[in-house]
Structures are given as C-alpha cells and as structure tokens.
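Participant:
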Amino acid sequence: MLLFLPPPKVAANLAGGPTAPFLAAPEGGGEPGRRSHRLKFNPVEIAMRRMLIVSIIFFVPLAVLTFLGTAQADVEFSADMVIVPKGDEPMKGKIFVKGEKVRQETSEEDESQVMIIRPDKKLTWMLTPDEKTYMEMPYQSSDKTFEEWTAAKEKNAKFLGEETVSGMPCKKYEAVEDGEKTLFWISKQFPFPIKIEDSEVIMEYKNIKLGQLDDSLFELPAGYEKMATPIVPPKD
935 MLLFLPPPKV AANLAGGPTA PFLAAPEGGG EPGRRSHRLK FNPVEIAMRR MLIVSIIFFV
995 PLAVLTFLGT AQADVEFSAD MVIVPKGDEP MKGKIFVKGE KVRQETSEED ESQVMIIRPD
1055 KKLTWMLTPD EKTYMEMPYQ SSDKTFEEWT AAKEKNAKFL GEETVSGMPC KKYEAVEDGE
1115 KTLFWISKQF PFPIKIEDSE VIMEYKNIKL GQLDDSLFEL PAGYEKMATP IVPPKD
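In structure tokens:
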C-alpha cells in the first residue's frame, strides 16, 4: 500500500523506531505488557495496527495539500470515517481536523482508541479511554521528505475528472508510485481527500461538517496514566 509514503515508514516516524511488534510497560516499572490492574486488551498491539491506517488518515491529507500547493492552516472540520481494508472488517470512527492538529477516534470489539497528532508539539498521543491510559510518541517529519513527495506527485498524478463523493463535488486523481495505483477524490470546497482507494484499502469520509472545533479535542485529557515508551524487542 503506497500512498506517496509507505506505511512502514510512517509508523516508524510515529513510534520513533522500527515497526516490529513491541510491548509497553507502565511508567514507574513493571513487567512489559502487564499492568497492575485489569487490562482488557493490549493497547500497543492495537496501536501498531492503527499506525498502518494512520498513514492514510493523517499523512495523506498533508501530502495532498502539498501536492495541490494550496495548504490551508485554518481548515477546521469533523467527519465520520469508514476504512475498509482488503480481507478485513470495516472500521468506523470519527476524525477532527483543526489546521495541522488531528484527532482520530475509532472503536473495535467494544474497545475505543483515540489518536491525537500534534505536529506543533512534535508529539503523537495514543489514548485508551476505557483504561484511562495513554502513550506518548515523537512525531517526526522532514521538509526534504515533503519535497520528494511533491516531486513524485507532480510527475505521477493524473487528473481523471470530477465526481460527487459523500455529497461533495470532488476532483478525481490517479497516482502511480512503484507500480501501485492510488485514486484520490479531492474536495473542491477545500483541498482534502474525501476518498482514497488503492489495492489494499478504501477510506472515505462521510457527514463532513465544516466549522470551528474546540481546542480541548486536541489536548491530553486530565487523569490519564502515562504508559512508558514502547519497548522494541531485539531481532533474532
């Protein structure tokens, strides 16, 4: 799945290291992967799965804005989110965007997960509301990388026409990178991908609402226990 930036590289940027499976230990010590109180599921395992999806949800919009050359720091909106990975069950959630700040809320098997991306703080927070815990990871990006993306997009993107997606008029583009074809439907109202489709996943935003969002959506909530930085096991 190549959406201008390979997902493994995005995941490494978020986690500050390789994308191999890892375990987390609570701050203050303790055995990795175990908590002093009941844990319904391992939030780190879910986080790793989310990281692959994050490359679509969060980084592609930034890449598309760069591609169009019309980045708007004041864009604010919320939307329902539907992600359908090939061979897997659909995942639903919400997304909130306030300039470069992004909040994603998803739920799976009655468990919820929240990711808040704060490029201004160079941080990404992974929250587990049911357990009131969170992990803090570095957010990393590179101007040089975005320049490389822009060059690739200008060379490979092809305008295919106009279509209506989720009730919004969109411009449809096709991009090919390393033989992988990706389709983008970019809103004509504001430069953001309403739908993205490639050979492995389809993502679409629905019920899009433009308007001012509360800053608290993008802040770390009080009363959450911080989990230690993920521990990457050594390779065999």
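Residue 939 in our numbering is what sits at position 5 of the sequence shown, and the numbering runs on without skipping anything. Every residue, glycine too, gets a C-beta built ideally from N, C-alpha and C.
1. So T1067 and E1159 are supposed to be a Cβ contact under 8 Å. How far apart are they, rounded?
2. Going by DSSP, what residue range makes up the beta strand (DSSP E) through D1014?
3. Compare the Cα-Cα distances from D1112 to each of A1091, W1119, G1033 and report the closest residue.
4. May I have the straight-line CA-CA distance separating M1161 from K1129, to the nearest angstrom?
5. Would you mind reading off the limits of the beta strand (DSSP E) that contains L1061?
6. Quick one: grab the DSSP three-state call for L1117.
7. Could you please give the first and the last residue of the uninterrupted beta strand (DSSP E) stretch that includes V1071?
8. Using alpha carbons as the reference points, say which of I1136, M1069, R1037 lies closest to E1023.
9. Give every residue of the same chain whose Cβ lies closer than 6 Å to the Cβ of E1138, excluding the five residues on either side of it in the sequence, and list them in chain order.
10. Measuring straight from C-alpha to C-alpha, what distance separates D1149 and S1012?
11. To the nearest whole angstrom, what separates the beta carbons of L1144 and E1034, a pair I think is in contact under 8 Å?
12. Taking Cβ positions, are E1178 and L1117 nearer each other than 7 Å?
Facilitator: Taking the definition as stated:
1. Yes, T1067 and E1159 are in contact; Cβ-Cβ is about 5 Å, under 8 Å.
2. That run of the beta strand (DSSP E) goes 1010–1019.
3. Considering only alpha carbons, the answer is A1091.
4. Each residue's alpha carbon lies about 34 Å from the other.
5. It spans 1057–1062 - the beta strand (DSSP E) in which L1061 sits, taken as one unbroken run.
6. In the displayed model, L1117 falls within a strand according to three-state DSSP.
7. First, the amino acid is wrong: residue 1071 is Met here, not Val. First-last of the beta strand (DSSP E) with M1071: 1067–1072.
8. Nearest to E1023 by alpha-carbon distance, out of I1136, M1069, R1037, is I1136.
9. Same-chain partners within the cutoff: V1016, K1129.
10. Taking the straight line from one Cα to the other gives about 13 Å.
11. Rounded to the nearest angstrom, the Cβ distance from L1144 to E1034 is 17 Å, too far for a contact under 8 Å.
12. Residue 1178 lies beyond the stretch modelled for the chain, which goes from 935 to 1170, so this question has no answer here.
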